[in-house]
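A.B. asks: In our numbering, the protein residues as written are 582 to 812. Mind looking over this structure? Questions follow.
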């Protein structure tokens with residue numbers, strides 16, 4: 582079988598080198614974009630992933646070509662399938678959770694996709710590999726701006742307030758929070774009759790650029806607040 586780009590056999594050193602370099606280029610394009618967003622999986626990670634995936638794909642193709650007589654039933658797709666399933670380990674490492682806020686899902690998805698790009702280029706499907714790379718960069722770069730412009734990014738926050746239940750009601754605290762157009766997803770109220778206190782726990786969705794200090798000071802301004810915590 583002849584390579585479409587080099588015009589040389591698949592196991593020729595030039596063909597192998599070209600495919601590895603093209604895979605690294607694809608990894609560079611995506612990794613550079615992730616690096617600009619200060620993601621833990623950046624330039625080198627994506628380049629190494631693309632290179633490794635391409636190498637494994639080339640190996641899976643080479644084995645049946647070279648050992649066809651010894652193993653006529655060999656399947657080139659087996660090694661490639663292990664890349665797709667095993668890449669989830671790295672993807673999970675890019676995901677972080679801060680309270681109710683999850684970060685790194687997009688980077689984890691790009692890691693999974695770039696491994697597929699490496700496999701495609703390793704199999705000689707240059708057009709698919711590079712087109713997927715360009716589309717991936719477009720999604721990461723330009724749709725990020727669309728999200729910022731049209732969709733407000735919100736974080737999940739847990740607001741815990743302990744009040745003097747004899748002098749202040751949970752309703753007053755909740756109304757104070759709603760003054761800032763904050764979406765309250767759930768409310769929990771626990772009253773300690775002996776101590777005369779009530780604990781209010783609010784799970785809220787708050788805009789990323791909203792000043793938590795402003796909310797903190799507004800609640801503190803209410804009389805008879807015992808403790809206040811925002812996570």
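Glycine is no exception: its CB is placed at the ideal position from the N, C-alpha and C atoms.
1) On the DSSP letters alone, give me the boundaries of the beta strand (DSSP E) that residue 695 sits inside.
2) Just checking, does the segment 749-766 make contact with the segment 802-812 on the three C-beta pairs under 8 Å criterion?
3) Could you give the distance in angstroms between the alpha-carbon of residue 779 and the alpha-carbon of residue 742?
4) Given a threshold of 16 other Cβ atoms within 10 Å of its Cβ, counted over all protein chains shown, does residue 662 qualify as buried or as exposed?
5) Considering residue 595, what are the terminal residues of the beta strand (DSSP E) in which it resides?
6) For residue 726 and residue 795, I'd like the C-alpha separation in whole angstroms.
7) Using a 10 Å radius around the Cβ and a threshold of 16 neighbouring Cβ atoms, would you call residue 598 buried or exposed?
8) Could you check what DSSP says for residue 739 in three-state terms: helix, strand or coil?
9) Using a Cβ-Cβ cutoff of less than 6 Å, which residues in the same chain neighbour residue 638 once the five nearest sequence positions on both sides are dropped?
10) Using the C-alpha atoms, what's the distance from residue 711 back to residue 668?
11) When the Cα atoms are used, what is the spatial distance from residue 590 to residue 641?
12) Mind checking which residues open and close the beta strand (DSSP E) that includes residue 770?
13) Determine the direct distance from the alpha carbon of residue 671 to that of residue 783, and round the result to whole angstroms.
14) Give every residue of the same chain whose Cβ lies closer than 6 Å to the Cβ of residue 696, excluding the five residues on either side of it in the sequence, and list them in chain order.
15) How many whole angstroms separate the CB atoms of residue 713 and residue 694, which I take to be in contact at a CB cut-off of 8 Å?
16) Is the distance from the Cβ of residue 768 to the Cβ of residue 755 below 8 Å?
17) Once DSSP output is grouped into helix, strand and coil, what is the label at residue 668?
18) Using DSSP with H/G/I as helix, E/B as strand and the rest coil, what is residue 778?
19) Can you tell me which of 745, 781, 615 and 659 puts its alpha carbon nearest to the alpha carbon of residue 775?
C.D. replies: Reading off the structure:
1) The continuous stretches of beta strand (DSSP E) do not include residue 695, which lies in the alpha helix (DSSP H) extending over residues 686-703.
2) Yes, since at least three Cβ pairs between the segment 749-766 and the segment 802-812 fall closer than 8 Å, the two stretches touch.
3) If I take the Cα positions, the gap works out to 8 Å.
4) Residue 662 should be labelled exposed.
5) Unbroken run through residue 595 is the alpha helix (DSSP H), 594-617; no beta strand (DSSP E).
6) Answer to the nearest angstrom: the Cα atoms are 27 Å apart.
7) Looking at its Cβ environment, which holds fewer than 16 other Cβ atoms inside 10 Å, residue 598 is exposed.
8) Strand, per DSSP.
9) Here residue 638 has 661, 700, 703 and 704 as same chain residues with Cβ atoms under 6 Å from its own Cβ, once five neighbours each way along the sequence are excluded.
10) If you take the alpha carbons of residue 668 and residue 711, they lie about 20 Å apart.
11) One C-alpha to the other measures close to 15 Å.
12) In the DSSP assignment, residue 770 falls within the unbroken beta strand (DSSP E) covering 764-773.
13) One alpha carbon belongs to residue 783, the other to residue 671, and they sit about 34 Å apart.
14) 630, 634, 664 and 668.
15) The C-beta distance from residue 713 to residue 694 rounds to 7 Å, short enough to meet the 8 Å contact threshold.
16) A contact, by the Cβ cut-off of 8 Å.
17) Looking at residue 668 - three-state DSSP - the assignment turns out to be coil, as it is neither helix nor strand.
18) For residue 778, the three-state secondary structure derived from DSSP is strand.
19) Minimum Cα distance to residue 775 is reached at 745.
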